[in-house]
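See below for the structure under consideration.
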Ligand SMILES: [Zn+2]
Ligand SMILES: [Zn+2]
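In the working numbering, the protein residues as written are 203 to 506.
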């Protein structure tokens, strides 16, 4: 067994500092987490202090309405982000005892046990786990993750079978907050008489804050929209970016046998849960795939 795998197995597959096995010390991930919190905090500050709490807006009933609505979106954004960061993405448990995979290694060129199709269990030659179909190894997390989509530095975690719902919710609420902030800033500029009467809206500092918020909202809004679209396409085609790349490299542009014959709504329910569709918008466990049973469960026995 490899040294990294042995160390993780010795700790029961859990991180010694957080005890959950999902605390990543990746500097890029930590930086992106801080940047996320700073960006959200700054946007909320500018919306409240430099848009809504200005004399013109403050006297209107729209002020409390927008304040509550915008902060509700921010709370949902942070809640879904927190769940995406700390939720188990679907990490494949490490074997309790060392397994000799030398015979498998010798029979393969690059990986220990290449799957001929997506239905085979394989052995990871990095963390040495016997993993279910569609699980892939993350080089940042050093673990295999079930139906791994990608490793996202913005949540400092993998996006996998069990936390993809929270990740998509995070994208959704970030896009919504960006759109909302853009709308509020543009409203104060296009209709200054309604929202900025008697205010110091022409103050350079206030203008600078609003411009920065507008730029931030446009950049983040476009960014998350692209990723959100890719995530939905990935779900309804039942093919993760890793699988798309692998099939392209194998020169299998169009498989004769489709990967799935499931209807799109069934594929969406596998990610967002089988409960009421309203639950798809809340970062809760009530209708998560794990609550209704993952597509394949942890296997305590490694029958290799
Ligand atoms: Zn692995
Ligand atoms: Zn990862």
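Where is the CB? At the ideal position from N, CA and C, for every residue including glycine.
According to DSSP, residue 284 shares a beta bridge with no other residue. When DSSP states are grouped into helix, strand and coil, residue 471 belongs to the helix group. Looking at the DSSP output, residue 329 sits in no beta bridge, so it has no partner there. Within the same chain, 418 and 422 come within 8 Å of residue 241 by CB-CB distance, once the 5 residues on both sides are set aside.
Secondary structure of residue 252 (DSSP, three-state): helix. The distance from the Cβ of residue 364 to that of residue 465 is about 22 Å, inconsistent with a contact at the 8 Å cut-off. Note on residue 256: 16 or more other CB atoms within 10 angstroms of its CB, so buried under the neighbour-count rule.
In the structure shown, residue 449 falls within a helical segment according to DSSP collapsed to helix, strand and coil. Across the structure, residue 441 and residue 451 are spaced so that their CA atoms are roughly 14 Å apart. The way I'd put it, the stretch 225–236 does touch the stretch 353–368; three or more beta-carbon pairs between them come closer than 8 Å. Between the beta-carbon of residue 475 and that of residue 367 there is about 7 Å, and that keeps the pair under the 8 Å contact cut. In the DSSP assignment, residue 361 falls outside any alpha helix (DSSP H) and lies within the beta strand (DSSP E) extending over 359–361.
Residue 408 counts as buried, since at least 16 other C-beta atoms from the protein chains shown sit within 10 angstroms of its C-beta. Look at residue 234 here: in three-state DSSP terms it is helix.
The beta carbon of residue 252 sits closer than 7 Å to the beta carbons of 408, 411 and 412 from its chain, once the five residues preceding and following it are set aside; these are given in chain order. According to the DSSP assignment, residue 347 belongs to the beta strand (DSSP E) that extends over 345–347.
As a beta-bridge residue in DSSP terms, residue 352 pairs with 361. Secondary structure note for residue 339: its beta strand (DSSP E) is the uninterrupted segment 338–340.
For residue 299, the secondary structure class from DSSP, reduced to helix, strand or coil, is coil. Straight-line spacing of the CA atoms in residue 415 and residue 248 works out to 7 Å. The beta-carbon distance between residue 375 and residue 278, rounded to whole angstroms, is 5 Å. This is short enough to meet the 8 Å contact definition. For the alpha helix (DSSP H) assignment, the uninterrupted runs of no fewer than 4 residues enclosed by the stretch 370–439 are, from N- to C-terminal side, 394–397 and 406–438.
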